[in-house]
Amino acid sequence: MMLMERCIEETQKDLYLCFIDYSKAFDKVRHEELFHILDSLDIDGKDLRTLKTLYWKQTATVRVGGEHSEETPITRGVRQGCILSPDLFNLYSEMILRELDNIQGIGLGGHNINNIRYADDTVLIAQSEQSIQKMLDIVVKESEIKGLSLNIAKIESMTISKKPQAPACKIRSNGTQVKQVNQFKYLGYMLTSDGKCETEIRKRIITSKTTFKKLSPLMTNRNIYMDTKIRILKAYVWSVLIYGCECWTMNNS
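UniProt numbering applies: residue 1 is where the sequence shown begins, and numbers increase by one.
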């Protein structure tokens, strides 16, 4: 959010965002292509072998009434819930998003930033509707080549602007109009079309107050030590209140 706020202030231009949604992204990662990507990186040999062992020549069987079916090879998909899976998907999707390198996004500190992502949560960023449309077309095409498919119905766009009314963003994906929204929750943070963080801060205050009220029986219990109460407060209330505060932008209010 700070990057976007800074860009709007410095360039006085609107920002066009497109929030990508993959359909069963982790399930569609092709193992063979993933191994080629891992081979191209400077990874220690032992670590590389460990990664490959997790997925190489996997098979699955179905058990019905005590009988097992024939083994079926598993050639795609990264494990749900595994701490490595988001990083492996990041590497896999990097091959797709590298095709956007020559398209202008926002320029900050001499760097061209046209996408922000974590695992399958991806945002495309540009300063014109034409550029964001071009990027979306490339992502759709390259994703299909890599075996990934986009959930067209869940792809959304947003224009961040200092103007009273944010400009329209009429982009399409495979002929389908992409829905434009005024706010979008990305990685737990509420982005709004006015580029401000007041909505997110108000939401944090309300949520933390609700959490505190639920904890009131513990906080008023005289049999619980003050140190314990402080630890509970930090763990359950402060963590909710200040989540994402690094992204909050400063203003006069």
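Backbone N, C-alpha and C define an ideal beta-carbon position, used for all residues, glycine too.
Its chain contains LEU48, LEU51, LYS52 and LEU91 as the residues whose beta carbon lies nearer than 8 angstroms to that of LEU38, once the 5 sequence neighbours on both sides are disregarded; these appear in chain order. Scanning GLU129, LYS141 and ILE152 for the CA closest to the CA of ILE160 turns up GLU129. Unbroken alpha helix (DSSP H) stretches of 4 residues or longer found wholly inside the segment 180-249: 198-214, 216-219 and 226-233, given in chain order. The shortest C-alpha to C-alpha distance from ILE242 to any of LYS146, LEU218 and LYS209 is the one to LYS209. Around the Cβ of GLU67, a 10 Å sphere holds fewer than 16 other Cβ atoms; the residue is exposed. For ILE106, the secondary structure class from DSSP, reduced to helix, strand or coil, is strand. Residue burial annotation: TYR118 is exposed, with fewer than 16 other C-beta atoms found within 10 angstroms of its C-beta.
Inter-residue distance for LYS154 and LEU97 is about 19 angstroms (C-alpha atoms, whole angstroms).
PRO164 is the residue among PHE212, PRO164 and TYR236 whose C-alpha sits nearest the C-alpha of ASP194. Annotated three-state conformation of GLN80 is coil, per DSSP. Bridge pairing for ILE160: LEU15 [DSSP].
With fewer than 16 other Cβ atoms from the protein chains shown falling within 10 Å of its own Cβ, THR75 counts as exposed. Nearest in C-alpha terms to LYS24, of all of ALA126, TYR16, GLY147 and GLN58, is GLY147. Following the DSSP letters along the chain, one finds ASP87 inside the alpha helix (DSSP H) bounded by residues 85-97. With respect to the 9 angstroms criterion, ILE224 and CYS18 are not classified as neighbours on the basis of their beta carbons.
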